[in-house]
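One structure is given below, encoded as C-alpha cells.
Residue numbers (mature numbering (1 follows the signal peptide of the UniProt record, and there is no 0)): -27 to -1, 1 to 191.
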C-alpha cells in the first residue's frame, strides 16, 4: 500500500523529515553498558570487559591501578605498596617487591599503583636468570690482556664476549670493563721508539738524548 505523502507532490517534503526522525530515534537508543547478558560467552570489549559464567553476563574489568570489589564493577585504587599494571577483574592488588641486592639487582624506578618496581643488574653484572624479567645477576667475566668486552646494545643483558684489540691498540689487564687503548706514538712526544707496541703492551719510548739500552747498543 502506498501512503498518500509518498505519491503526492506536496508530500515530497515529508520524506526527508520522516527519515530524519528515524535517524534521531536510532541515535537516541541507549548503549548497552555492563552488566549485560551474553549467550555466546563473549563480550564486546575484550580488553575492558570479562564474561562471568555463573550469571552469564559481561562485566567491566578495572583499569590499571584498580582492583574489583563487587558487582559491576566497583573499583578501588590500589593501597600503598601495591599495584596492578593491566585491565583486570582481580579482587586484590599485587604487592610491590623491592629489587634484591643479594641477587645483584638495583632499582631504577619505584613501584607505583600502576607499575611494579623497575630493576636492573648492578654495574659490572649481567642477567643470568630470566623469567618474564631478570631475577638473578652474576659478575661479568674478565677479559684477558689483549682483548676487550664487545659492546652490547643493552647493558646487563648477557655475559662479556671478549674480542681481540684492533691493530694499533693494546689492553694489559684482566678486567670485565677495561677497553683497548691506542699505542703511544713516540714521535708525537719528541721521543724515539725502542720497542713496538703489541696487543698486550704499549709502545716503549726513550728520550733521544739518552744512551741506547745495552741490548740495543750492540
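We treat Cβ as the ideally placed atom computed from N, Cα and C, and that holds for glycine.
Item                                                                                                   : Value
Opposing strand residues paired with residue 62 [DSSP bridges]                                         : DSSP, once it has assigned bridges, lists no residue as partnering residue 62.
CB contact check: residue 170 to chain C, cutoff 8 Å                                                   : Of the chains in the structure shown, none is chain C; there is only one protein chain.
Start-to-end residues for the beta strand (DSSP E) that takes in residue 148                           : Unbroken run through residue 148: none, as it is neither H nor E.
Under the three-state DSSP convention, the category residue 123 falls into                             : coil
First and last residue of the uninterrupted beta strand (DSSP E) at residue 165                        : 165 to 168
Contacting residues, own chain, Cβ-Cβ under 7 Å from residue 111 (five flanking each side not counted) : 77, 98, 99 and 101
Alpha-carbon to alpha-carbon, residue 143 and residue 155                                              : 6 Å
Three-way DSSP call (helix, strand, coil) for residue 162 in this model                                : helix
Closest Cα partner of residue 194 within the set 21, 70 and 161                                        : Any answer about residue 194 is impossible in this case: the structure gives the chain only from -27 up to 191.
Extent of the continuous beta strand (DSSP E) to which residue 98 belongs                              : 98 to 103
Nearest residue (CA-CA) to residue 19, options 29, 174 and 34                                          : 34
Where the beta strand (DSSP E) containing residue 136 begins and where it ends                         : 135 to 137
Residue 58 versus residue 84 - alpha carbon distance                                                   : 11 Å
Cα-Cα separation between residue 55 and residue 82, rounded to whole angstroms                         : 15 Å
CB of residue 113 within 8 Å of CB of residue 133, strictly                                            : yes
Cβ-Cβ separation, residue 135 to residue 151 (assumed contact under 8 Å), whole Å                      : Wrong, their Cβ atoms sit about 11 Å apart, outside the cutoff.
CB contact flag (residue 176, residue 183, <8 Å)                                                       : no
Range covered by the beta strand (DSSP E) that runs through residue 22                                 : 22 to 25
Separation of residue 129 from residue 96, as counted between CA atoms                                 : 8 Å
8 Å Cβ cutoff met for residue 162 and residue 119                                                      : no
Residues bridged to residue 10 (per DSSP)                                                              : 30
Supposed contact pair residue 69 and residue 87 - C-beta distance, whole angstroms, cut 8 Å            : Wrong, their Cβ atoms sit about 11 Å apart, outside the cutoff.
C-alpha gap between residue 51 and residue 140, whole angstroms                                        : 58 Å
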